[in-house]
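Structure, as C-alpha cells:
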Amino acid sequence: MSTQDQHGTRRSHPRRPRSHTARLVAAAGAAALTFSAGLATPLNPAPQRAEAAQGKKTLTVAVAQSVDSLSPFLAVRLVSTSILRLTYEYLTDYDPGDAHPVPGLATAWQPSPDKLTWTYTIRSDAKWSDGQKVTAEDAAWTFNKLMTDEAAATANGSFVTNFRKVTAPSPTKLVVELKKPQATMTALDVPIVPEHIWKDVKDFSKFNNDKSFPVVGDGPFVLSDYKADSYVRLKANKNFWRGAPKFDELVFKYYKDQDAAVAALRKGEVSFVAGAPALTPAQAASLKGQQDIRVNDAPGRRFYALATNPGAQAKNGKKFGDGDPSLLDQRVRHALFMAVDRKTIIDKVFQGHAVEGQGYIPPRFSTYFWKPSANQELTYDPAKAAQLLDQAGYKKNADGKRVGKDGKPLNYRVLCHATDPNDKAVGQYLKEWWAKLGVGMTLDCLDNVTDPWLAGKYDLAFDGWSVNPDPDFVLSIHTCAALPATPKDTGQTDNFICDKTYDELYAKQLAEYDSAKRADIVKQMESRLYDLGYMNVMAYPNAVEAYRTDQIKSIETMPKAAGNIYGQDGYWSWWSAVPADSGSSSGGSSTGVVVGVVAGVVVLAGAGLLFARRRRATADDRE
Amino acid sequence: MQPTAPDAASAAVDKAAVPVPAGPAVRGPRARTTTAYLRYGAGKAGGAAVSLLAVLVTGFFLFRLIPGDPVKTMTGGRPISAEQLAAYRREFGLDLPVWRQFTDYCGKALTGDLGTSYQFRTPVVDKIGEALPNTLLLTGTAFVLYTALGMFLGTRSAWRHGKIGDKLNTGLALTLYSVPSFWLGLLVIIVFGVGLGPVPGLFPTGGMESGGKEGFAYVLDVAHHLVLPVLTLVAVEYGQTLLVTRSALLDEMGSDYLTTARAKGLKDDLVRRRHAVPNALLPTVTLVFVNLGRTVAGVILVETVFSWPGLGGLFYQALSVPDLPLVQGLFLFFASAVIVMNTLADLVYPLLDPRVGR
C-alpha cells in the first residue's frame, strides 16, 4: 500500500533496531526450545513416570470407561467393579489356573446334607486397612444389607434373592440359609464391606464412597485418591493376607480415545492398555514390532453368536413379535448356520484375533467347555445346507430364490449393532453366503437394538455375552423362567428360548453340589442348545491388550496359561505384577515439565517484548 | 470503547450490517438515552427469560424422544430380577405418568434442583459443577488466545491486503479452520506428546493432571497438560476470528473518514489502530460473544481426544444411557450459556455503537 511508502524514510531508523531485536528474541526462543529438547531427551528415556523421583513403582492402566460409582452397592461398570475387586475381598476367589473356587475371606465351606444351609469358615488373619480385624459379622452385615435395603441391592441384589437368613454365630463362622438349593454359593461376587464404617451410611442410593480417602478395605490395594472422569489411584496394602503386591501404586487413568491411549503407551506414560473391549487389529499390528511393548493376544471370555428368533412369548403364554415362522423349522436353522464360513469370519473380520466358535461356553473355561462330536457338528457345508432347505420344502424358484409355503421368497431381517464394526462386516458376508443359498437377508444396523429385540420384531440377531467362571447366569437367560411375565414387561431372557429339556437340566445343575457332576450337566445343556439351533456361536473374540515390558517385568494372565489381564475374575494380574528394574526413573519427568514450561514462558516473553518494542517505536514518531 | 467521532458523513456509511437509521448520530439529553437503553435492556432480558423457559420445556420432551430405556441400558448384561427392575423405575421416577414427571421436573428446576444422575447417583448440579471449571479453563484459555491471535493477524492481513503476508495468513487460517479438530488433536499428540523423530515428546498425551500433586506443583501440572489441547483449539478456531476481522476492516478501509484522517497527517499505524479498527470491531464483538457462549458447550471432540474431564465428555456419557436428568441439565446449561451470552452481546452493542438500540 502506498501509505507505507509515504512514511518509508521516517520508518527506516526505528525499523532496524526493531527487526534486530525481533531476530534476537526469536533466536533466544529457538535456542531455549532446542536446549530444552536436548535436555529432555537424555533425562527422559522412553518411560516417563509421575512418582519416579521417590523410587516408588507405579503401574498405570489406561481404561476406556470412567467410574460410575465407588460404592460396591451401586457400581455396575466393569472399570468400577474391577477396582472394587482390588479393595474389597470376596468370600471365595477363582483360581487363576482353571477358575475353580479357592479360598478368599472364607477358608472353607460346607453345605448341609439337605443342601439348604452353607457354613463358611472366615479366616482370622485378614485385617481392614485401618487395623481392625475382618470377621464373619462384616460378611453377615453386608448380605443382610443387600437383603433388606432396596437401594443397597442395586448392583448385587440378585445374589441374595434365594437367601432366607444370614447369620454370624462367631467371628469366624458365617451361616447362610437358602430357600432352594443353589450351586453358585462358591461364586458369590459380592464385595464384603467393613460394618464399622458402613453402618453410618444413611442413604445407600446417594452414597458413592468417594469423599474421604483412603477408603477402608481389605484387598491387595487401598483406594487413595479419585478424580471424577480422570483417574483412580490405589496404594498397595502391605498387610494383605495373601501377600503384599509388588507395585507400590496403581493408577487407573481414563482415556476417552483409544488411539490416544495407545500413543500414551508408546510414550511410556501408561504401562498397560486394554482397549474397549480390545485393541483393534490395526492398533495391535502397530504395536507388535515395538521394542519394550508386548501385545497380549489371548483367549477371550466372550462368545459371539447368531441368535435366531424362536417366536417371542411371555410367561402367560401370549405370543408377540413377528419372527419369521420358517425359522421354527430346525432344518432351516441348521441350514442357515451351515452356510456360515466361520474360518473366513476369523480371518477376515477378526483378522486372526478370534477362535472359531463351537460350544456355548468359551474354551478357556476348561471345566465347562463342550464341543460337538463329529456327527453332531454343523460344519461349514453349503451343499448340505441347500439339501436341508430342499428337504424342508423351501425349493428354489426360477429366479434362484427359495420360496416358502406361502409362495413368498425367504427374506430374513438381521439385527446388528450400529456401533459394532464386527456386526456390520459379518453381516455383509452372511448376505453373500445366504444369497448363494437362495435366501434373502436385510441387515438392520441400529443404534438402539434393544427395542426391536425386546418386542420380538426380528428374525436373527448378532448376540454375545461375557462368561464368568460360574456359567449360571449365561445359562439362566435361556430358561422359560427368564421370559417376561407379559408381552409388555421386560424379562431376563436373551432370545426367548423356552425348552423343557433345557429347563430340566438347568434346575438339575443348580442343585448339584458335586462339581464334576455339575459340569457334566452343563455340557448336556450346551449340547441341547447347540442342537436346538437358536443360539449358535460363530467365534470367541480374543482379548487384545498391550503393556510395556520395561515397566512391567511379569504379570499373571487368567487363565494362567493364556488369558486376559484386564477385567479378570480376580485381582491376580495387578496383585502379581512385578515391576521391571529400571534405574533411569530419576525425576526426569519433572525436569521435562519445568523445562517445557520455561521454554514456553521464554517464547511468550519474547513475543511480548516484540510487541512492546514496536509500540515504543511508534510512540517515538507520534504526532 | 467509543469510536472516535465519525462525523455525519461517515455515519451514513453502513458498516457491520447493522441497520443504521438515516440521519445524524447521537443526539438528545443523557437521561433520555439512559432510559431508552434501560427499556431496550429490559426487553432483551425478557426475551432471554422466555427463551430459557422454552429450553426447559423442549429439553424435557426432546430427550424422551430418543430411543432407549435408561433402566434397560443400565441393567443389561447383569443378573437382575423383576422386582429390582421395578425398584429402578421407582428410583428414577419413571413409573410416574409423563405429565407428572414434567411438572416435578419444572418445579424442581425453578428452585435450582436439576435432579440426580441415574448412572452417577450424584446431583446433576454437582456433576456439572465438577466438569464446568475444567471446560472453562480449556476453552477460556483457548478463547482468549484465538480471539487475540485472530484479531491481531486479521488486522495485519487486512492492512497489508493483497501482499504475500496476507495471502499466507489467510491461506493458513483457512486450512487450519477446515481441518477436523480430532484429527489435528491426534496429530499434535503424536508429534508433541509422544515425540516424532528429532522432536521430543515434551507434553502429556492426555488428561488434565497427573494426580498426586499439590499447590504450585499442581498448577504447573495442569498448565503442562493444558498446552496441547489449547494449541489444537486455537489452531482450528483462530481462522474464524481472523477472517471476520479482516473482512470487517477491509470494509472500513475504503471509508472517507480514514482518508480525512490520513490527510490530516496521522501516522498509518494510528489511523489503523485508533480509527479503522474500532469501527471494524463491531462484527467481531458479536462474534466474540457468540463464541463465548459456545465455549461453555464444551468442545467435545478436543475434550475426547485429550481425555479432558469436561462437559462435552459428560454429555456424551449421559446421552448413551440416556441419563435423563443429566442430559436435560446439561442441555439447559448449554442453551442458557448461549442465550445469556447473546443477551450480553445485545446489551453491550449499544454501548459500542450508539446507533443501535435507540
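The listed protein sequences derive, respectively, from chains L and U. According to numbering that gives the first Met the number 0, the stretch in the first sequence is residues 0 to 622, in order. According to numbering that gives the first Met the number 0, the stretch in the second sequence is residues 0 to 357, in order. Glycine is no exception: its CB is placed at the ideal position from the N, C-alpha and C atoms.
Residue from the options with nearest C-alpha to residue i
i, options, result
"I520 (chain L)", "L:K559, L:G532, L:Y367, L:T489", "L:Y367"
"V339 (chain U)", "U:L131, U:G46, U:L37, U:Y36", "U:G46"
"D124 (chain L)", "L:A98, L:A154, L:P170", "L:P170"
"A41 (chain U)", "U:F60, U:P353, U:D345, U:R354", "U:D345"
"I79 (chain U)", "L:G490, L:N563, L:A61", "L:G490"
"D462 (chain L)", "L:F206, L:A538, L:T147", "L:A538"
"D493 (chain L)", "L:P309, L:V402, L:D380, L:A397", "L:P309"
"N168 (chain U)", "U:M150, U:G128, U:D94", "U:M150"
"R401 (chain L)", "L:V331, L:A460, L:D340", "L:V331"
"K287 (chain L)", "L:A382, L:T548, L:N563", "L:T548"
"V54 (chain U)", "U:Q327, U:V347, U:L350", "U:Q327"
"R163 (chain L)", "L:D188, L:W117, L:G274", "L:W117"
"L51 (chain U)", "U:G114, U:L109, U:V124, U:A247", "U:L109"
"A297 (chain L)", "L:E544, L:D405, L:L326", "L:E544"
"L300 (chain U)", "U:V226, U:Y348, U:F181", "U:F181"
"Y256 (chain U)", "U:H223, U:V276, U:Y39, U:G238", "U:V276"
Beta-carbon neighbours of residue i, restricted to chain L and to distances below 7 Å
i, result
"G205 (chain U)", "Y254, A259, A263"
"R120 (chain U)", "S68, L73, S204, K205, N207"
"K71 (chain U)", "T449, T489"
"I188 (chain U)", "A259, A262"
"G363 (chain U)", "Beyond the ends of chain U as shown, which are 0 and 357, falls residue 363 (chain U); an answer cannot be given."
Residue-level contact to chain L via CB, residue i, 9 Å cutoff
i, result
"V235 (chain U)", "no"
"L346 (chain U)", "no"
"A24 (chain U)", "Because A24 (chain U) carries a pLDDT of 48, less than 50, the predicted location of this residue cannot be relied on, and no value is offered for it."
"A141 (chain U)", "no"
"L416 (chain U)", "Here chain U covers residues 0 to 357 and nothing more, so residue 416 (chain U) does not appear."
"R63 (chain U)", "no"
"F305 (chain U)", "yes"
"E251 (chain U)", "no"
"K126 (chain U)", "yes"
"P308 (chain U)", "yes"
Proximal chain U residues relative to residue i, where beta-carbon distance stays under 7 Å
i, result
"F472 (chain L)", "P78"
"V250 (chain L)", "G210"
CB contact below 9 Å: residue i versus chain U
i, result
"S285 (chain L)", "no"
"E149 (chain L)", "yes"
"A49 (chain L)", "Low confidence applies to A49 (chain L): its pLDDT is 42, below 50, so where it sits in the model is not reliable enough to give any reading."
"V214 (chain L)", "no"
"A152 (chain L)", "yes"
"A484 (chain L)", "yes"
"Q567 (chain L)", "no"
"S583 (chain L)", "For S583 (chain L), the predicted structure reports a pLDDT of 43, less than 50, and the residue's modelled location is therefore unreliable. A value from the coordinates is still provided. No - not a single Cβ of chain U is within 9 Å of the one on S583 (chain L)."
"S211 (chain L)", "no"
"D224 (chain L)", "yes"
Amino acids of chain L, ordered along the chain, whose beta-carbon sits closer than 9 Å to that of residue i
i, result
"L185 (chain U)", "D256, D258, A259, A262"
"A130 (chain U)", "A227, D228"
"E90 (chain U)", "E149, A150, T153, S204"
"G67 (chain U)", "D446, N447, T449, D450"
Below-9 Å beta-carbon distance, residue i vs any chain B residue
i, result
"Y87 (chain U)", "Although the question refers to chain B, the structure presented lacks it and instead comprises the protein chains L and U."
Under 8 Å by beta carbon: chain U residues contacting residue i
i, result
"G156 (chain L)", "I79, S80, Q83"
"K266 (chain L)", "G192, V193, G194, G200, T204"
Under 9 Å by beta carbon: chain U residues contacting residue i
i, result
"R232 (chain L)", "G210, G211"
heavy atom of the ligand GDP below 8 Å from residue i C-beta
i, result
"K237 (chain L)", "What this structure holds is no ligand at all, so the ligand GDP is not there to describe."
Indicate whether the contact test is met: 3 or more Cβ pairs, each with one atom in the stretch 196-212 of chain L and one in the stretch 171-183 of chain L, closer than 8 Å.
-> no
Pair every Cβ in the stretch 154-161 of chain U with every Cβ in the stretch 317-335 of chain U, then say whether three or more of these pairs are closer than 8 Å.
-> no
At what residue ranges does the stretch 110-163 of chain L contain a whole run of the beta strand (DSSP E), taking only runs of 3 or more?
-> 116-121
So does the stretch 220-229 of chain L actually touch the stretch 303-313 of chain U, counting three or more Cβ pairs closer than 8 Å?
-> yes
Alpha helix (DSSP H) runs wholly inside the stretch 296-342 of chain U, at least 4 long, in chain order | 299-304, 310-318
Please go through the stretch 495-565 of chain L and give each complete alpha helix (DSSP H) segment of 4 or more residues, from N-terminal end onward.
-> 499-509, 514-531
Hey, is the stretch 314-331 of chain L in contact with the stretch 455-472 of chain L, meaning 3+ C-beta pairs nearer than 8 Å?
-> yes
Check whether the stretch 409-423 of chain L touches the stretch 438-449 of chain L, taking contact to mean three or more Cβ pairs, one atom from each stretch, closer than 8 Å.
-> yes
Contact between the stretch 317-334 of chain U and the stretch 235-245 of chain L: three or more CB pairs below 8 Å?
-> no
If you scan the stretch 366-408 of chain L from start to end, which runs of the alpha helix (DSSP H) of 4 or more residues do you find wholly inside it?
-> 381-390
So does the stretch 270-289 of chain U actually touch the stretch 193-206 of chain U, counting three or more Cβ pairs closer than 8 Å?
-> no
Any chance the stretch 498-508 of chain L sits against the stretch 332-347 of chain L, with 3 or more Cβ pairs inside 8 Å?
-> no
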